[in-house]
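Participant:
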Amino acid sequence: MKHIMADLQKIKERGLYRELTYLDAAQGPRTVIEGKSVLLLSSNNYLGLCNDERLKKAAISAIENYGVGSGGSRLTTGSYKLHKELEERLAQFKQTEASLVFNTGYMANLGTIAALADRNWVVFCDRLNHASIIDGCRLSGAKLIVYKHCDMEDLLKKVKKYQGIPGLIVTDGVFSMDGDIAPLEDIVEIAERYQLITMVDDAHATGVLGPNGAGTADYFGLKDRIDIQMGTLSKALASEGGYVAGKQCLIDYLRHRAKSFIYSTALAPQTIAVSLKALEIVKEQPELRKVLLENAKWFQEQLILAGFKIRETKTPIIPIIIGEADAAVQFSRRLLEEGIYIPAIRPPTVPEGTSRLRVSLMATHTREDLSYSLEKIKEVGQKLDII
Ligand SMILES: Cc1ncc(COP(=O)(O)O)c(C=O)c1O
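Structure, rendered in structure tokens:
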């Protein structure tokens, strides 16, 4: 245990010690922390569906019909018709031949990449890709080649170097901590030219981007040219789980080879029912993502006017870059005292020297919520000499 204590001490000294904050109410524009009502500006509940009555009803009805546990892995006793229905609906949503649901987005990335690639492969990976992608690459045993963030020159240079080796280019569709969108058109062109497979992680784009809310392939009109579209059900869809959508042969293969799918108990029926209902809402209420993106655009404009150093994005993720970890934590703490909850994001989640407050908005934030938050962010930013 000595080495654990020593490591924890080092983490503390670097200002990177993490503690959990407990919410006492649903994820909504407002929640409750330690008995106090606060504005929540950091949830991935982008469409504001986590506390939606229709989703709650769907969960209750599934519990009444099927009980609360799935009782086994999908390949033993854990599959319900609901799982099949969700996979069919996801395939329709993504306009692919088929899809497969995993228990989390993390497991979808891990299982898919490790199933597909092996030590004879090369995987080209954006430097800011999510940890689950990196872990999937490592688990696969493939040669991992990291290219500079969204830098197509660097990608091309590296791809050329490994010509002739089976390979995969994998990227976040929307980068989780930066909110920017991957240059998918360029990535697809490079992949096609050098016969590489493409995989996009749409965790933060599902339900948010594209004319149908179906993610970055939908946004760029590239659905037929991306081989593997992975995503989560846990963010805009307000549920849990991950999915992979693509050709039928890919899905059949993953059912046989993706260990995180095979060796884990299936998601509970109520979780699947919630995902199904959320997909229906994404289809029927495109205005939710319109309002969300308008909120995000307006909020960014106001932050810039106030003098904050932000990375402008076309998504609801808005990073306010602070720099040092301690300063980001202090900013976050002071905001919480003022009733605004935006936790600090520090290394190793983001690169050293880029600690930040990662603002993420919901469609259900009102302009009053956002104006009030802006005032408080400005006030605290001025007191701490950030602006
Ligand atoms: C880009 C990205 N991929 C994958 C995941 C993992 O998804 P999940 O939370 O469903 O495991 C996340 C979420 O944290 C993410 O941000």
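Read left to right, the sequence shown gives residues 683 to 1069 (our numbering). Positions of the beta carbon are idealized from the N, C-alpha and C atoms, including for glycine.
Determine the burial state of Met-859: buried for a count of at least 16 other Cβ atoms within 10 Å of its Cβ, exposed for fewer.
Facilitator: Flag for Met-859 reads buried.
Participant: On a Cα-Cα basis, can you pick out the residue from Ile-827, Leu-782 and Gly-793 that is closest to Trp-803?
Facilitator: Comparing Cα-Cα distances from Trp-803 to each of Ile-827, Leu-782 and Gly-793, the minimum goes to Ile-827.
Participant: According to DSSP, simplified to helix, strand and coil, what is Ala-940?
Facilitator: Looking at Ala-940 - three-state DSSP - the assignment turns out to be coil, as it is neither helix nor strand.
Participant: Give a yes or no on whether the C-beta atoms belonging to Leu-772 and Ala-927 are separated by under 7 Å.
Facilitator: Taking 7 Å as the Cβ cut-off, Leu-772 and Ala-927 qualify as a contacting pair.
Participant: Using a threshold of 7 Å, state whether the C-beta atoms of Gly-787 and Thr-914 are closer than that.
Facilitator: In this structure, Thr-914 lies closer than 7 Å to Gly-787 by Cβ.
Participant: For Ala-797, is the beta carbon positioned less than 6 Å from some heavy atom of ligand 1?
Facilitator: No, Cβ of Ala-797 sits at least 6 Å from all heavy atoms of ligand 1.
Participant: For Lys-739, count the other beta carbons within 10 Å of its own beta carbon; 16 or more makes it buried, fewer makes it exposed. Which is it?
Facilitator: Lys-739 should be labelled exposed.
Participant: Got a sec, what are the start and stop residues for the beta strand (DSSP E) Asp-854 sits in?
Facilitator: Where Asp-854 is concerned, the enclosing beta strand (DSSP E) stretches over 849 to 854.
Participant: Note down, in chain order, each residue of its chain lying with its Cβ closer than 6 Å to the Cβ of Lys-929, except the 5 sequence neighbours on either side.
Facilitator: Only Glu-779 meet the Cβ criterion.
Participant: In its own chain, which residues sit with a C-beta less than 7 Å from the C-beta of Ala-940, not counting the 5 before and 5 after it?
Facilitator: Here the set comprises Gly-793, Thr-794 and Ala-797.
Participant: Kindly indicate which three-state DSSP category Gly-889 falls into: helix, strand or coil?
Facilitator: Reduced to three states, the DSSP call for Gly-889 is coil.
Participant: May I ask you to list the residues that DSSP assigns as paired with Thr-914?
Facilitator: The partner list for Thr-914 (beta bridge, DSSP) reads Gly-924.
Participant: Using the beta-carbon count (16 or more within 10 Å), is Arg-756 buried or exposed?
Facilitator: That one is buried.
Participant: For the segment 869 to 887 and the segment 758 to 773, state whether three or more C-beta atom pairs, one from each stretch, are separated by less than 8 Å.
Facilitator: As far as the Cβ criterion goes, the segment 869 to 887 does not touch the segment 758 to 773, which means the pair count is below three.
Participant: Please check the pair His-812 and Asp-854, which I expect to be a contact at CB under 8 Å, by giving their CB distance rounded to whole angstroms.
Facilitator: About 6 Å separates the two Cβ atoms, so the contact holds.
Participant: Helix, strand or coil: which one does DSSP assign to Arg-771?
Facilitator: Here Arg-771 sits in helix by DSSP.
Participant: Mind pulling the beta strand (DSSP E) runs of 3 or more residues that sit fully within the segment 1032 to 1058?
Facilitator: You should have 1037 to 1042.
Participant: Could you tell me which residues DSSP puts in a beta bridge with Tyr-1023?
Facilitator: Note: Tyr-1023 sits in a beta bridge opposite Leu-722.
Participant: Can you tell me which residues form a DSSP beta bridge with Thr-794?
Facilitator: Answer is none; Thr-794 lacks a bridge partner.
Participant: Buried or exposed: which applies to Glu-695, given that a residue is buried once 16 or more other Cβ atoms fall within 10 Å of its Cβ?
Facilitator: Classification of Glu-695: exposed, given that the 10 Å Cβ count is below 16.
Participant: When you measure from the CB of Glu-924 to every non-hydrogen atom of ligand 1, does any distance come out below 6 Å?
Facilitator: The sequence given here has Gly at residue 924, not Glu. Gly-924: yes, Cβ under 6 Å from ligand 1.
Participant: Using a Cβ cut-off of 7 Å (strictly closer), state whether Pro-848 contacts chain B.
Facilitator: Within the model displayed, chain B is absent; a lone protein chain is all it includes.
Participant: Just to confirm, does Ala-920 get its C-beta within under 6 Å of one of the non-hydrogen atoms of ligand 1?
Facilitator: No - ligand 1 has no heavy atom lying nearer than 6 Å to the Cβ of Ala-920.
Participant: Would DSSP call Leu-919 helix, strand or coil?
Facilitator: Leu-919: coil per DSSP, three-state reduction.
Participant: Relative to the C-alpha of Tyr-699, which candidate in Arg-1015, Ala-1007 and Thr-1046 has its C-alpha closest?
Facilitator: That would be Ala-1007, whose Cα lies nearest to the Cα of Tyr-699.
Participant: Using C-beta distances below 8 Å, list every residue in its chain close to Ile-1022, excluding the 5 sequence neighbours before and after it, in chain order.
Facilitator: Counting only Cβ-Cβ distances below 8 Å, and skipping sequence neighbours, we find Val-720, Leu-721, Leu-723, Ser-1055, Lys-1058 and Ile-1059.
Participant: Looking at Asn-726: is its Cβ nearer than 7 Å to the Cβ of Met-1044?
Facilitator: Contact flag unset, no.
Participant: Return yes when the C-beta of Tyr-788 is under 6 Å from any heavy atom of ligand 1, and no when it is not.
Facilitator: At least one heavy atom of ligand 1 is nearer than 6 Å to the Cβ of Tyr-788, so yes.
Participant: Is the beta carbon of His-812 within less than 6 Å of some heavy atom of ligand 1?
Facilitator: Yes, ligand 1 has a heavy atom inside 6 Å of this Cβ.
Participant: Between Leu-949 and the rest of its own chain, which residues show a CB-CB distance below 6 Å, the 5 nearest in sequence each way excluded?
Facilitator: Same-chain partners within the cutoff: Asn-785 and Gly-923.
Participant: Kindly give me the distance between the Cβ atoms of Ala-1010 and Ser-1037, rounded to whole angstroms, as I take these residues to be in contact under 8 Å.
Facilitator: So it is a contact: roughly 4 Å between Cβ atoms.
Participant: Around the Cβ of Glu-769, are there at least 16 other Cβ atoms within 10 angstroms (buried) or fewer (exposed)?
Facilitator: Its Cβ being crowded by 16 or more others within 10 Å, Glu-769 is buried.
Participant: Are Leu-936 and Leu-782 closer than 7 Å when you measure CB to CB?
Facilitator: Closer than 7 Å, so yes.
Participant: Given Gly-1005, which residues of its chain have a CB within under 8 Å of its CB, disregarding the five upstream and five downstream residues?
Facilitator: Hits under 8 Å: Gly-1035, Thr-1036 and Ser-1037.
Participant: Is Ser-858 near ligand 1, going by C-beta to nearest heavy atom under 6 Å?
Facilitator: It does: the Cβ of Ser-858 is within 6 Å (strictly closer) of some heavy atom of ligand 1.
Participant: For the alpha helix (DSSP H) holding Lys-694, just list the boundary residues, first then last.
Facilitator: Looking at the DSSP string, the run of the alpha helix (DSSP H) that includes Lys-694 is 684 to 695.
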